[in-house]
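In UniProt numbering, the protein residues as written are 1 to 345.
Ideal Cβ positions, reconstructed from N, Cα and C, are used throughout, including at glycine.
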Ligand SMILES: Nc1ncnc2c1ncn2[C@@H]1O[C@H](COP(=O)(O)OP(=O)(O)O)[C@@H](O)[C@H]1O
Ligand code: SF4
Ligand SMILES: [Mg+2]
């Protein structure tokens, strides 16, 4: 990150109101005959204009459910959502489905992992982009078309005039994800939520898409929530990182602090599993041992205890609270752990 961009995000954080304030968000799924399942519990975080906030953790830790709850996209039945998601003074969780539909696309847009499932296979790419502009900006098709061409160009799709007429299956995976980003940007949303946007892409294309997102956020002051299971992805992109485990935030820190001094044993394990350029080919990475299914209930333990090499007795009897810890000048550091990794480690 350059000095200028660091200053921009610092200013954004100190001098402006948050664009989105998520407060105590919880999502519980209920199925008849089964115990209620707490997919997300007490999650709180802020997003400032122009800031990129990461939600990171292994599959199943509640990243998508958090974002779907904020976007009003969870299934209508079988779940309870509590807490607040205040976007510019309006609690999105209290909006009617129609009010939320109007907001989606206009103020808040989302990019998913699999662009094919988000694009309509029988409608040309260009038409899908112009439709968003017609619906949310009241433009005519004629007015929207040159803007769609500009957008495709902006997201790095070569020969946009030709591509506009093509169908999703005619584009490569990377180009489809670019088209989806163009659709998400068609109404200049203030907040973009990207849920594992590069997971299905090969590494080179992944790097290109991440650079594109970074540039777009910097140029337009859009706020970005970046959801990923891969701490490597947040390395070059996020200002602030929230690490989730078992539906709860277990650590929050400025990206630099998190990478330099991870304090939570789970974060430490995730960092150790990032492939390094200097690691020998075929060398086994060091993933967090065990699986997310080996959880203890948060209400009287640390859910991570069965997998944690730092676990002490209290970890199996008492829930650790998310507490402010030393360090973190710009982003207060938060940690939920009875026996953290020492700062010197
Ligand atoms: N509609 C649903 N009904 C029941 N359980 C769900 C539903 N959607 C997600 N879950 C469960 O909630 C947990 C969190 O899921 P999710 O947020 O998708 O994880 P991820 O972090 O991989 O995005 C998982 O255990 C998942 O099985
Ligand atoms: S609370 Fe205990 S089990 Fe949980 S991460 Fe910290 S040391 Fe490990
Ligand atoms: Mg997910």
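- [ ] Verify the contact flag: residue 39, CB atom, against every heavy atom of ligand 1, threshold strictly below 7 Å.
- [x] The count along the chain shown starts at 1 and reaches residue 39 at position 39. Within the cutoff, so yes.
Open item on the list: Quick check: the stretch 41 to 61 against the stretch 220 to 232, are at least 3 beta-carbon pairs closer than 8 Å?
Closed with: The answer is yes - the stretch 41 to 61 touches the stretch 220 to 232, with three or more Cβ pairs under 8 Å.
- [ ] In the DSSP assignment, find the unbroken alpha helix (DSSP H) run with residue 125 in it and report its ends.
- [x] Here residue 125 refers to the residue found at position 125 of the chain shown. First-last of the alpha helix (DSSP H) with residue 125: 125 to 137.
Task: Entirely enclosed beta strand (DSSP E) segments - the stretch 230 to 297, minimum 3 residues - done: For the stretch 230 to 297, the continuous beta strand (DSSP E) assignments of 3+ residues that do not extend past its boundaries occur at 240 to 245, 248 to 254, in sequence order.
Task: Reduced DSSP secondary structure (H/G/I, E/B, other) of residue 183 - done: Here residue 183 refers to the residue found at position 183 when the chain shown is read from its first residue. Residue state, collapsed to three classes: helix.
Task: Three-state secondary structure assigned by DSSP to residue 71 - done: Locating residue 71 in the chain shown gives position 71, counting from the first residue. Three-state DSSP puts residue 71 in coil, outside helix and strand.
Task: Rounded straight-line distance, which links the Cα of residue 193 to that of residue 108 - done: Along the chain shown, read from residue 1 onward, the residue named residue 108 stands at position 108. Along the chain shown, read from residue 1 onward, the residue named residue 193 stands at position 193. Inter-residue distance for residue 108 and residue 193 is about 8 Å (C-alpha atoms, whole angstroms).
Task: Other residues of its chain near residue 58: CB distance less than 7 Å, five sequence neighbours each side excluded - done: The residue given as residue 58 occupies position 58 in the chain shown. If we look at residue 58 and ignore the five residues flanking it on each side, its Cβ neighbours are 229, 292.
- [ ] Check whether the Cβ atoms of residue 180 and residue 115 lie closer than 8 Å to each other.
- [x] Along the chain shown, read from residue 1 onward, the residue named residue 180 stands at position 180. Along the chain shown, read from residue 1 onward, the residue named residue 115 stands at position 115. Contact flag set, yes.
Task: Closest Cα partner of residue 329 within the set 316, 252, 81, 243 - done: To locate residue 329, count along the chain shown from 1; it is residue 329. Out of 316, 252, 81, 243, 252 has the C-alpha closest to the C-alpha of residue 329.
Open item on the list: Between residue 50 and ligand 1, is there a pair consisting of the residue's CB and a ligand heavy atom that are separated by less than 7 Å?
Closed with: By 1-based counting over the chain shown, the position of residue 50 is 50. Checking every heavy atom of ligand 1 against the Cβ of residue 50, none is found closer than 7 Å.
Task: Cross-strand partners of residue 108 (DSSP beta bridge) - done: Translated into positions along the chain shown, residue 108 becomes position 108. Residue 108 is bridged to 104, 191.
Open item on the list: List, from N- to C-terminal side, the alpha helix (DSSP H) runs of 4 residues or more that fit wholly inside the stretch 145 to 184.
Closed with: 160 to 164
Task: Span of the alpha helix (DSSP H), counted from its first residue to its last, around residue 209 - done: Taking the first residue of the chain shown as 1, we reach residue 209 at position 209. Segment 203 to 220, the alpha helix (DSSP H) holding residue 209.
Task: alpha helix (DSSP H) segment containing residue 116, residue limits - done: Taking the first residue of the chain shown as 1, we reach residue 116 at position 116. Unbroken alpha helix (DSSP H) run through residue 116: 115 to 118.
Open item on the list: Our contact map puts residue 27 next to residue 81 with C-beta atoms below 8 Å; I'd like the distance itself, whole angstroms only.
Closed with: Within the chain shown, the letter at position 27 stands for residue 27. Within the chain shown, the letter at position 81 stands for residue 81. Correct: roughly 5 Å between the Cβ atoms.
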